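Using the numbering used here, read the sequence shown as starting at 119 and increasing by one per residue. Each remark here refers to the structure printed beneath this line.
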Amino acid sequence: MEWHLWHVFEFAGTHRQQPPSKQRNPCRARGTTTPSLRVSSSGVFELKVHSFNTAHRICRRHRDCHIFFRICLKHSEDVIHAEPPCTFGTGHTNVIRADQTSISSSAPIRIPFHFKWPGTFSLIIEAWNAETPTEYTDNQNNLVSRLATRRRLAIGEDWSQDVHFGEQSELRYSYHVFCDEYYFGDSCAEYCRPRDDTLGHYTCDEEGNKHCLEGWKGNYCSDPICSADCSERHGYCEAPGDCKCRMGWQGPSCNECVRYPGCLHGTCGQPWQCDCKEGWGGLFCDQDLNYCTNHRPCANDATCTNTGQGSYTCTCRPGYSGTNCELETNECDSNPCKNGGSCNDLENDYSCTCPQGFYGKNCEIIAMTCADGPCFNGGTCMETPTGGYTCRCPPTYTGSNCEKKLDRCSNSPCLNGGECLDLGQSVLCRCRSGFTGANCQINIDDCASVPCQNAGTCQDNVDDYTCSCTLGYAGKNCSVRSDACGRGASAQPCQNGGTCFTHFTGPVCQCPTGFMGPSCEFTLQLSFQPASQMTNKPSSATLTASCILALLALGLVAGIVVLRRHRLRNRKQLSDTAVFNDLETVINHFPSEREAFLGPSGLFKISNSDPRLSLASLVSLSSPDDRTGRGLGGEHRSLSPGQDYLWRGESGAGLR
Numbered sequence: 119m120e121w122h123l124w125h126v127f128e129f130a131g132t133h134r135q136q137p138p139s140k141q142r143n144p145c146r147a148r149g150t151t152t153p154s155l156r157v158s159s160s161g162v163f164e165l166k167v168h169s170f171n172t173a174h175r176i177c178r179r180h181r182d183c184h185i186f187f188r189i190c191l192k193h194s195e196d197v198i199h200a201e202p203p204c205t206f207g208t209g210h211t212n213v214i215r216a217d218q219t220s221i222s223s224s225a226p227i228r229i230p231f232h233f234k235w236p237g238t239f240s241l242i243i244e245a246w247n248a249e250t251p252t253e254y255t256d257n258q259n260n261l262v263s264r265l266a267t268r269r270r271l272a273i274g275e276d277w278s279q280d281v282h283f284g285e286q287s288e289l290r291y292s293y294h295v296f297c298d299e300y301y302f303g304d305s306c307a308e309y310c311r312p313r314d315d316t317l318g319h320y321t322c323d324e325e326g327n328k329h330c331l332e333g334w335k336g337n338y339c340s341d342p343i344c345s346a347d348c349s350e351r352h353g354y355c356e357a358p359g360d361c362k363c364r365m366g367w368q369g370p371s372c373n374e375c376v377r378y379p380g381c382l383h384g385t386c387g388q389p390w391q392c393d394c395k396e397g398w399g400g401l402f403c404d405q406d407l408n409y410c411t412n413h414r415p416c417a418n419d420a421t422c423t424n425t426g427q428g429s430y431t432c433t434c435r436p437g438y439s440g441t442n443c444e445l446e447t448n449e450c451d452s453n454p455c456k457n458g459g460s461c462n463d464l465e466n467d468y469s470c471t472c473p474q475g476f477y478g479k480n481c482e483i484i485a486m487t488c489a490d491g492p493c494f495n496g497g498t499c500m501e502t503p504t505g506g507y508t509c510r511c512p513p514t515y516t517g518s519n520c521e522k523k524l525d526r527c528s529n530s531p532c533l534n535g536g537e538c539l540d541l542g543q544s545v546l547c548r549c550r551s552g553f554t555g556a557n558c559q560i561n562i563d564d565c566a567s568v569p570c571q572n573a574g575t576c577q578d579n580v581d582d583y584t585c586s587c588t589l590g591y592a593g594k595n596c597s598v599r600s601d602a603c604g605r606g607a608s609a610q611p612c613q614n615g616g617t618c619f620t621h622f623t624g625p626v627c628q629c630p631t632g633f634m635g636p637s638c639e640f641t642l643q644l645s646f647q648p649a650s651q652m653t654n655k656p657s658s659a660t661l662t663a664s665c666i667l668a669l670l671a672l673g674l675v676a677g678i679v680v681l682r683r684h685r686l687r688n689r690k691q692l693s694d695t696a697v698f699n700d701l702e703t704v705i706n707h708f709p710s711e712r713e714a715f716l717g718p719s720g721l722f723k724i725s726n727s728d729p730r731l732s733l734a735s736l737v738s739l740s741s742p743d744d745r746t747g748r749g750l751g752g753e754h755r756s757l758s759p760g761q762d763y764l765w766r767g768e769s770g771a772g773l774r
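Below, the structure written as structure tokens:
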């Protein structure tokens with residue numbers, strides 16, 4: 119996006135001398151840059167003049183004259199002032215011939231800058247008549263044209279084309295701004311120069327980000343990466359892959375501390391320490407203080423005790439003897455068996471075979487007899503041939519002396535929340551309601567007694583059942599007749615004065631004149647729009663046409679009447695056949711379904727005494743000639759038990 123503001127000052131053909139106060143050169147500022155001068159910068163602004171045309175001659179005295187262009191680049195101003203300073207810089211072309219070929223082939227004007235490019239700027243372009251081979255700007259009479267503009271320009275290599283049409287001149291030029299070498303970013307503010315020296319080892323990407331060379335790390339890639347096993351605390355490196363130890367540390371990974379010089383049998387946790395190993399002492403850990411640890415003289419897992427420098431004592435395990443416990447002894451030599459028991463030598467142990475009446479490790483315990491009454495809880499004592507005894511326990515106790523009581527319910531034999539009763543020799547499960555079996559594992563089928571009446575479907579639950587009733591019945595056991603017409607309820611199924619009849623499929627509504635629908639909820643609107651009255655007296659042709667149309671209408675009405683009477687006659691015959699077929703079906707139904715065929719309390723209840731109903735009485739209930747739609751008075755009707763009626767509406771819907 120670019121925006122600009124033009125301020126144009128043209129002097130071609132006038133060459134007026136300006137007052138001294140206005141002869142200041144707007145581009146006469148320090149830091150003027152020529153195309154031949156190359157300095158280090160963060161970015162460069164370039165402008166290329168393509169053509170310059172004026173209405174008058176550029177030169178006053180010479181036909182073959184010269185010209186040069188100069189630009190002043192400064193910060194963005196709402197009102198551009200031609201006076202210096204040119205805060206961003208200034209530059210000019212060389213002196214060239216004042217023809218289009220020389221102008222178009224002139225080199226671009228370069229203005230390097232050393233700051234973060236702001237994106238907006240003010241630009242002043244001047245065309246000067248050159249009377250000498252140098253770019254002389256002190257004589258304001260040589261100023262041919264000057265223009266000032268504001269622009270917004272992003273960093274990029276692409277040129278932005280521009281043209282200015284003045285009253286006396288036309289200037290075509292292009293310009294762009296780009297980052298200098300080693301500068302990156304939208305504002306040329308990111309500096310990155312690839313290097314591989316003591317100040318860093320990295321390359322730069324297109325965004326100016328540093329990427330360390332292999333083996334280097336850090337913000338400036340100046341820290342070498344040491345070998346993988348080199349200790350970070352105690353090692354360092356000056357080149358990638360090396361590992362040099364800091365003072366006091368040693369080893370390939372610099373993780374071993376350096377012991378105190380002269381330390382013989384010692385270790386260190388920190389540099390210059392000498393921690394003596396077990397059995398050694400002295401400043402350099404060269405004195406043997408633990409003969410047992412260093413020499414291990416005691417055999418057969420004996421315990422060694424240091425008794426002085428170079429001396430020890432061995433404490434032998436049972437079965438061994440000698441200075442170093444190297445001799446194996448016979449455990450029976452000490453006669454451990456008492457009361458005449460015989461000793462058997464084992465490896466590192468012995469066993470005693472006790473005489474009758476004694477027991478124990480060394481036959482030191484006198485055996486009890488049944489005379490001592492050792493059996494508890496009613497247990498029976500029996501003597502053994504070896505002199506001991508055994509106890510025969512009752513069913514509820516166990517143990518060598520019947521001292522432990524048996525709990526037969528501890529393994530929870532009763533399922534589904536049953537209560538366990540320990541009866542001594544057996545257990546009994548007291549089941550909760552709804553379950554049976556020895557372990558209460560059987561769920562009692564509550565549907566076995568067929569509790570659901572009137573063809574209801576039973577679903578067994580725990581100590582309960584659920585009945586899914588057929589249409590027309592409700593209640594726990596489907597024993598309650600339901601009224602589809604909702605008698606006694608606030609909400610009636612038939613609206614707008616319709617009469618409700620109970621059918622085994624649900625409520626059926628007879629609608630009054632002007633209403634229709636399953637619940638008489640829709641209104642029939644018969645619209646009639648009279649013909650427009652004629653403002654003028656009708657002509658004879660109009661009267662003739664009207665008469666013909668009237669005769670045709672009368673003929674059409676007569677045909678409709680005849681056809682309707684024929685249809686009513688056929689409908690009556692079909693109704694008789696349908697009633698007979700429906701009643702034949704009801705007769706073969708389950709008794710409860712016959713009861714549900716028509717409404718409760720005798721309302722259109724079929725007696726089933728004569729399947730062929732009187733069609734005359736059927737027609738008398740709702741005659742086709744009743745055009746009012748109030749054949750039943752808009753209310754519930756109850757008929758006498760001896761009457762069998764079916765109702766069929768004009769539309770063919772109703773009880774069938």
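A virtual CB, placed ideally from N, CA and C, is assigned to each residue, including glycine. As the structure is a prediction and not an experimental result, all values here were calculated from the model.
- request: Pull up the distance between the alpha-carbon of R377 and that of Y301, whole angstroms please.
  value: Whole-angstrom Cα-Cα distance: 54 Å.
field: For H294, the three-state DSSP class (helix, strand or coil)
entry: It is a strand residue.
- request: With a threshold of 16 other CB atoms inside 10 Å of the CB of N327, please say whether the residue is buried or exposed.
  value: The residue is exposed, with fewer than 16 neighbouring Cβ atoms inside 10 Å.
- prompt: Relative to the C-alpha of L445, which residue among Y409, S452, A420 and K456 is closest?
  reply: The candidate whose alpha carbon is nearest that of L445 is A420.
field: Residue environment, T502, which counts as buried when at least 16 other CB atoms sit within 10 Å
entry: Taking a 10 Å sphere around the C-beta of T502, we find fewer than 16 other C-beta atoms and assign the residue as exposed.
message: Spatial neighbours of Q559 within its chain, please: C-beta separation below 6 Å, excluding the five flanking residues on both sides.
response: Taken in chain order, the residues that qualify are L533.
Same chain, Cβ closer than 8 Å to S169, five either side skipped, listed in chain order: Closer than 8 Å at Cβ, skipping near neighbours: Q218, I221, S222, E288, L289 and R290.
query: Which residue's Cα is closest to the Cα of D601: G590, D341, N595 and K594?
result: Of the residues G590, D341, N595 and K594, the one whose Cα lies closest to the Cα of D601 is G590.
query: For Y438, which residues from the same chain have a beta carbon less than 6 Å from its beta carbon, with the 5 sequence-adjacent residues on both sides left out?
result: Setting aside the 5 residues that flank it on each side, Y438 is surrounded in the same chain by N418 and E446, each with a C-beta closer than 6 Å to its C-beta; the list follows chain order.
message: Just list the residues that DSSP pairs I185 with in beta bridges.
response: Looking at the DSSP assignment, I185 forms a beta bridge with I214 and N247.
field: H684 (DSSP reduced to helix, strand or coil)
entry: H684: helix per DSSP, three-state reduction.
query: What three-state label does DSSP hand K673 in the structure shown?
result: Checking the sequence, you will find Gly at residue 673 rather than Lys. DSSP places G673 in helix when its eight states are reduced to three.
- prompt: Apart from the five residues just before and just after L331, which ones in its own chain have a Cβ nearer than 8 Å to its Cβ?
  reply: Apart from the 5 residues on each side of it in sequence, L331 sits with its Cβ closer than 8 Å to the Cβ of D314, H319, Y320, T321 and C339 in its chain, given in chain order.
query: So F239 packs on G161, CB below 8 Å; how close in whole Å?
result: Incorrect: roughly 12 Å between the Cβ atoms, too far for contact.
field: Beta-carbon contacts of D582 that lie in its chain and below 7 Å, excluding the five residues immediately before and after
entry: Cβ neighbours of D582 within its own chain (closer than 7 Å, five residues either side excluded): D564.
task: Taking T321 as part of the beta strand (DSSP E), name the residues at either end of that continuous run.
output: Note, T321: beta strand (DSSP E), G318 to C322.
field: Per-residue DSSP class, three states only, for L661
entry: Three-state DSSP puts L661 in a helix.
query: Name the DSSP beta bridge partners of G399, please?
result: Its beta-bridge partners are Q405.
query: Do G384 and C403 come within 9 Å of each other at the CB atom, strictly closer than that value?
result: Cβ atoms of C403 and G384: closer than 9 Å.
- request: Leaving aside the five residues before and after C511 along the sequence, list all residues of the same chain whose C-beta is less than 6 Å from its C-beta, in chain order.
  value: Non-local beta-carbon contacts of C511 in its own chain, meaning distances under 6 Å to residues more than five positions away in sequence, involve G497 and C520 in chain order.
query: E253: which of N442, I185, D525 and C627 sits nearest, CA to CA?
result: Closest option to E253, judged by alpha-carbon separation, among N442, I185, D525 and C627: I185.
- prompt: In whole angstroms, what is the alpha-carbon distance linking P203 and K192?
  reply: Those two C-alpha atoms are separated by around 8 Å.
task: Taking S345 as the reference, give the member of N557, G426 and D360 with the closest Cα.
output: Closest by alpha carbon: D360.
Contact set for N462: own chain, Cβ-Cβ below 8 Å, skip 5 residues either direction: In chain order, C450, Y468, S469, C470 and T471 place their CB closer than 8 Å to the CB of N462, counting only its own chain and leaving out the 5 sequence neighbours on each side.
Exposure label - V675; buried when at least 16 CB within 10 Å: V675 counts as exposed, since fewer than 16 other beta carbons sit within 10 angstroms of its beta carbon.
message: Since Q391 and W398 should fall inside the 8 Å C-beta cutoff, what is the C-beta to C-beta distance between them, to a whole number of angstroms?
response: Going by Cβ atoms, the distance from Q391 to W398 rounds to 14 Å, so no, they are not a contact pair.
message: Quick check: the Cα distance between L317 and L382, rounded to an integer number of angstroms?
response: Near 47 Å, if we compare the C-alpha coordinates of L382 and L317.
message: In this structure, how does DSSP classify T219 when only helix, strand and coil are distinguished?
response: The answer is helix: DSSP assigns T219 an H, G or I state.
field: Contacting residues, own chain, Cβ-Cβ under 6 Å from L271 (five flanking each side not counted)
entry: For L271, the CB contacts under 6 Å within the same chain, skipping 5 residues up- and downstream, are V295 in chain order.
- prompt: Looking only at DSSP bridge pairs, what is Y438 linked to?
  reply: According to DSSP, which records beta bridges pairwise, Y438 is partnered with E446.
- prompt: If N442 sits next to C410, beta carbons under 8 Å apart, how far is it from one beta carbon to the other, in whole angstroms?
  reply: With a Cβ gap of about 11 Å, N442 and C410 do not count as contacting.
message: Determine whether the beta carbon atoms of N495 and T514 lie at a separation below 9 Å.
response: Going by C-beta atoms, N495 is nearer than 9 Å to T514.
- prompt: Would a C-beta distance cut-off of 9 Å place C375 and G366 closer than the cut-off?
  reply: The answer is yes: Cβ separation under 9 Å.
- prompt: Would S222 count as contacting chain D if we go by Cβ distances under 9 Å?
  reply: Within the model displayed, chain D is absent; a lone protein chain is all it includes.
- request: Measure from the alpha carbon of P236 to the alpha carbon of each residue in I273, D298, L265 and E201, then state which is nearest.
  value: Out of I273, D298, L265 and E201, I273 has the C-alpha closest to the C-alpha of P236.
For C488, the nearest candidate out of Y477, T662, E482 and M500 (CA to CA): Out of Y477, T662, E482 and M500, the CA that lies nearest to the CA of C488 is found in M500.
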